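S.K.: Can you read through this structure? Questions will come right after.
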Amino acid sequence: MSSEKAKRTLTVTACEALAAGVYSLTLQYREGEAPKEVRPGQFVGVYSKDSARILPRPISICGWDQKKRELRLVFRVVGQGTEEFSKCQLGESLDVLGILGNGYDLAALSGRKVLLLGGGIGAPPLLELARQIHAENEKAGSGSITAVLGYRTDDLFLEKEFASYGDVVITTDDGTAGFHGNVVGAVRDKSIEADVICACGPMPMLRGVRALALERDIPCYLSLEERMACGVGACLGCVTKTAQVDGHSHVKNARICTEGPVFEAREVLI
Numbered sequence: 001m002s003s004e005k006a007k008r009t010l011t012v013t014a015c016e017a018l019a020a021g022v023y024s025l026t027l028q029y030r031e032g033e034a035p036k037e038v039r040p041g042q043f044v045g046v047y048s049k050d051s052a053r054i055l056p057r058p059i060s061i062c063g064w065d066q067k068k069r070e071l072r073l074v075f076r077v078v079g080q081g082t083e084e085f086s087k088c089q090l091g092e093s094l095d096v097l098g099i100l101g102n103g104y105d106l107a108a109l110s111g112r113k114v115l116l117l118g119g120g121i122g123a124p125p126l127l128e129l130a131r132q133i134h135a136e137n138e139k140a141g142s143g144s145i146t147a148v149l150g151y152r153t154d155d156l157f158l159e160k161e162f163a164s165y166g167d168v169v170i171t172t173d174d175g176t177a178g179f180h181g182n183v184v185g186a187v188r189d190k191s192i193e194a195d196v197i198c199a200c201g202p203m204p205m206l207r208g209v210r211a212l213a214l215e216r217d218i219p220c221y222l223s224l225e226e227r228m229a230c231g232v233g234a235c236l237g238c239v240t241k242t243a244q245v246d247g248h249s250h251v252k253n254a255r256i257c258t259e260g261p262v263f264e265a266r267e268v269l270i
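Residue 53 in this note's numbering sits at position 53 of the sequence shown, with consecutive numbering throughout.
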C-alpha cells in the first residue's frame with residue numbers, strides 16, 4: 001500500500017459551520033506523513049471514533065495546502081458519522097484513509113475556457129480544482145473559469161471563494177437567490193459557453209450535464225457521487241455502467257472509488 005492510501009492520524013486545526021448542516025473541517029498531517037500529491041476530485045475516508053461504525057465515511061477534498069500539510073473537507077451532515085465530525089474540537093485527532101480515487105486531469109483543463117458545475121455539496125471538490133486551474137492559467141497567460149453553483153435556498157456557501165478564481169453564477173431551487181432553477185438551466189438561459197465542462201453533484205444533475213456536453217460535443221468530466229464501503233475497490237459496492245468492458249470485473253462497469261470518481265462523460269452510462 002502506498003503512503004497516499006495509508007491510514008493516518010490527522011489533527012483538527014479548524015472546524016466551522018458554513019451554512020445550515022454544512023461544515024468545513026481542516027485536518028493536518030504529521031511531519032513527514034503528508035501525501036506527495038493531491039489531485040482535485042480525490043477523496044479520503046474519515047473514521048468515526050465509535051467502534052460500532054467500522055467503515056470510514058468518504059468525503060471529497062475541498063482544499064489542499066502542501067506547505068501547511070492541511071486537508072480541507074466540506075461536508076453536509078447526513079448521519080451519525082458526519083454529525084460526529086461536525087463537532088470536532090481543535091487539537092482533536094481523526095484517523096483518515098487516503099488519498100483515494102482518481103481526480104481531474106489538469107493537463108486537459110489549463111489554458112482553456114472551463115465551466116464548473118456544482119450542485120449542493122458537489123460544489124466543494126470543485127473549489128480546489130478552480131484554485132489549481134487558476135494557478136496554471138496564470139502561468140500560461142490564458143484560460144478562464146466560470147462556476148455555476150446550485151443551492152436549495154439562499155443559504156449559500158463557498159461562493160465568495162469561487163469568485164477568487166473566476167466568474168460565479170448562483171442558482172437556487174426556490175428562486176431566493178440568483179437564477180431560479182438548476183445549473184443546466186442557468187447555462188442554457190445565460191448562453192454560457194465553454195471548451196470543457198467539469199461537474200459534481202447529485203445523479204439527476206449529472207445526467208443533465210452529460211446530455212448538455214454531448215449536445216454541444218465538448219469534453220465533460222463528471223465526478224460521481226455514490227455510497228462507498230471499502231473505498232479501495234475490493235468490495236464492488238460502488239459501480240457504474242460504462243461504455244467499455246472493465247479490466248477488473250470483465251463486464252461493462254467501473255468502481256467509482258478506484259477508477260473514479262472522475263470519469264469522462266462518454267465513458268459512463270448514467
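Where is the CB? At the ideal position from N, CA and C, for every residue including glycine.
Predicted model only: the values in this text are computed from it and were never measured.
Determine the direct distance from the alpha carbon of V38 to that of A123, and round the result to whole angstroms.
M.R.: Locating residue 123 in the sequence shown gives position 123, counting from the first residue. Locating residue 38 in the sequence shown gives position 38, counting from the first residue. Going from the Cα of A123 to the Cα of V38 covers about 17 Å.
S.K.: When burial is assigned at 16 or more other CB atoms within 10 Å of the CB, is A20 buried or exposed?
M.R.: Taking the first residue of the sequence shown as 1, we reach residue 20 at position 20. Per the 10 Å Cβ criterion, exposed.
S.K.: Can you give the Cα-Cα distance for L214 and G101, rounded to whole angstroms?
M.R.: Against the sequence shown, residue 214 aligns to sequence position 214. Against the sequence shown, residue 101 aligns to sequence position 101. One C-alpha to the other measures close to 25 Å.
S.K.: Comparing C-alpha positions only, which one of K113, P58, D155, Q66 sits nearest to D167?
M.R.: Locating residue 167 in the sequence shown gives position 167, counting from the first residue. Minimum Cα distance to D167 is reached at K113.
S.K.: Can you list, in chain order, the stretches of the alpha helix (DSSP H) that have 4 or more residues and sit fully within the segment 165 to 240?
M.R.: If we require 4 residues or more, the alpha helix (DSSP H) runs fully inside the segment 165 to 240 come out as 183 to 189, 203 to 216.
S.K.: Do three or more CB pairs link the segment 192 to 208 to the segment 123 to 134 at distances below 8 Å?
M.R.: Yes, they touch.
S.K.: Measure from the alpha carbon of R30 to the alpha carbon of each residue in P58, K68, D195, P40, then state which is nearest.
M.R.: By 1-based counting over the sequence shown, the position of residue 30 is 30. If we check each option's Cα against that of R30, K68 comes out closest.
S.K.: Is any non-hydrogen atom of the ligand GDP found closer than 7 Å to the C-beta of S60, if you look at the structure I gave you?
M.R.: As for the ligand GDP, it is missing from this structure, which has no ligand bound.
S.K.: Who are the near neighbours of E92 in its chain, counting only those whose CB is closer than 7 Å to its CB and skipping five residues on each side?
M.R.: Counted from its first residue, the sequence shown places residue 92 at position 92. So the qualifying residues of the chain are V12.
S.K.: Taking all protein chains shown into account, do 16 or more other C-beta atoms lie within 10 angstroms of the C-beta of Q80, making it buried, or fewer, making it exposed?
M.R.: Here the question's residue 80 lines up with position 80 in the sequence shown. It counts as exposed.
S.K.: Return the first residue and the last residue of the alpha helix (DSSP H) that I99 is part of.
M.R.: Taking the first residue of the sequence shown as 1, we reach residue 99 at position 99. I99 -> not in any alpha helix (DSSP H); beta strand (DSSP E) instead, spanning 93 to 100.
S.K.: Over what stretch of residues does the beta strand (DSSP E) that includes G81 continue unbroken?
M.R.: Along the sequence shown, read from residue 1 onward, the residue named residue 81 stands at position 81. Looking at the DSSP string, G81 is not in any beta strand (DSSP E); the run it does join, the alpha helix (DSSP H), is 80 to 86.
S.K.: Could you check how far apart the C-beta atoms of P261 and G41 are, in whole angstroms? I think they sit under 8 Å.
M.R.: Position 261 of the sequence shown, counting from 1, holds the residue named residue 261. Position 41 of the sequence shown, counting from 1, holds the residue named residue 41. Yes, they are in contact, since the Cβ atoms of P261 and G41 sit about 6 Å apart, within 8 Å.
S.K.: Go through its chain and collect everything with a Cβ distance to L90's Cβ below 8 Å, but skip five positions before and after it.
M.R.: Stepping through the sequence shown from its first residue, residue 90 is reached at position 90. Hits under 8 Å: V12, T13, A14, C15.
S.K.: How many angstroms separate the CA atom of R115 from the CA atom of S191?
M.R.: Taking the first residue of the sequence shown as 1, we reach residue 115 at position 115. Taking the first residue of the sequence shown as 1, we reach residue 191 at position 191. For the record, residue 115 in the displayed sequence is Leu; it is not Arg. Rounded to whole angstroms, L115 to S191 spans 12 Å at the Cα level.
S.K.: Please look up how many angstroms separate the CB atoms of V44 and F85, rounded, as I've assumed it's under 8 Å.
M.R.: Taking the sequence shown and counting its residues from 1, the one referred to as residue 44 is at position 44. Taking the sequence shown and counting its residues from 1, the one referred to as residue 85 is at position 85. Their Cβ separation, rounded to whole angstroms, is 12 Å, which puts V44 and F85 out of contact at 8 Å.
S.K.: What is the rounded straight-line gap between the Cα of V96 and the Cα of V22?
M.R.: As a position in the sequence shown, residue 96 is number 96, starting the count at 1. As a position in the sequence shown, residue 22 is number 22, starting the count at 1. Using only the alpha carbons, I get a separation of about 20 Å.
S.K.: Cutting at 8 Å between CB atoms, please list the residues of its own chain near A177, excluding the five before and the five after it.
M.R.: Numbered from its first residue, the sequence shown carries residue 177 at position 177. The residues are Y151, T153, D154, L156, I170.
S.K.: Could you name the residues of the same chain whose beta carbon sits closer than 6 Å to that of A186, not counting the 5 residues immediately before and after it, in chain order?
M.R.: Within the sequence shown, numbered from 1, the residue matching residue 186 stands at position 186. So the list reads V148, V169, T171, F179, once near-sequence residues are dropped.
S.K.: Near E83, which residues of its chain fall below 8 Å by C-beta distance, leaving aside the five closest residues on each side in sequence?
M.R.: The residue given as residue 83 occupies position 83 in the sequence shown. Cβ within range, chain order: V77.
S.K.: Would you please state the rounded distance, in angstroms, between the beta carbons of V74 and L10? I believe it to be under 8 Å.
M.R.: The count along the sequence shown starts at 1 and reaches residue 74 at position 74. The count along the sequence shown starts at 1 and reaches residue 10 at position 10. Not quite, the Cβ-Cβ distance comes to about 16 Å (not below 8 Å), so this is no contact.
S.K.: On a CA-only basis, which of A6, G32, S60, L117 is nearest T26? Give me that one, please.
M.R.: Against the sequence shown, residue 26 aligns to sequence position 26. Out of A6, G32, S60, L117, S60 has the C-alpha closest to the C-alpha of T26.
S.K.: May I ask you to report which of helix, strand or coil DSSP gives I121?
M.R.: Start at 1 with the first residue of the sequence shown, and residue 121 comes out as number 121. DSSP places I121 in helix when its eight states are reduced to three.
S.K.: Is A34 helix, strand or coil by DSSP?
M.R.: Taking the first residue of the sequence shown as 1, we reach residue 34 at position 34. Looking at A34 - three-state DSSP - the assignment turns out to be coil, as it is neither helix nor strand.
S.K.: Give the secondary structure of R266 by DSSP, where H, G and I count as helix, E and B as strand, and everything else as coil.
M.R.: Start at 1 with the first residue of the sequence shown, and residue 266 comes out as number 266. Helix, per DSSP.
S.K.: Which residue from L117, K87, C88, E128 puts its Cα closest to that of G103?
M.R.: In the sequence shown, residue 103 corresponds to position 103, counting from 1. Here the closest residue by C-alpha is E128.
S.K.: Residue range of the beta strand (DSSP E) that F162 falls in?
M.R.: The residue you call residue 162 lines up with position 162 of the sequence shown. Here F162 belongs to no beta strand (DSSP E); instead the alpha helix (DSSP H) covers 159 to 162.
S.K.: Got a sec? Which residues, its chain only, sit under 8 Å from S3 by beta carbon, not counting five neighbours each side?
M.R.: Walking along the sequence shown from the start, residue 3 turns up at place 3. With a pLDDT of only 49 at S3, under the threshold of 50, the placement of this residue in the model should not be trusted, and no figure is reported.
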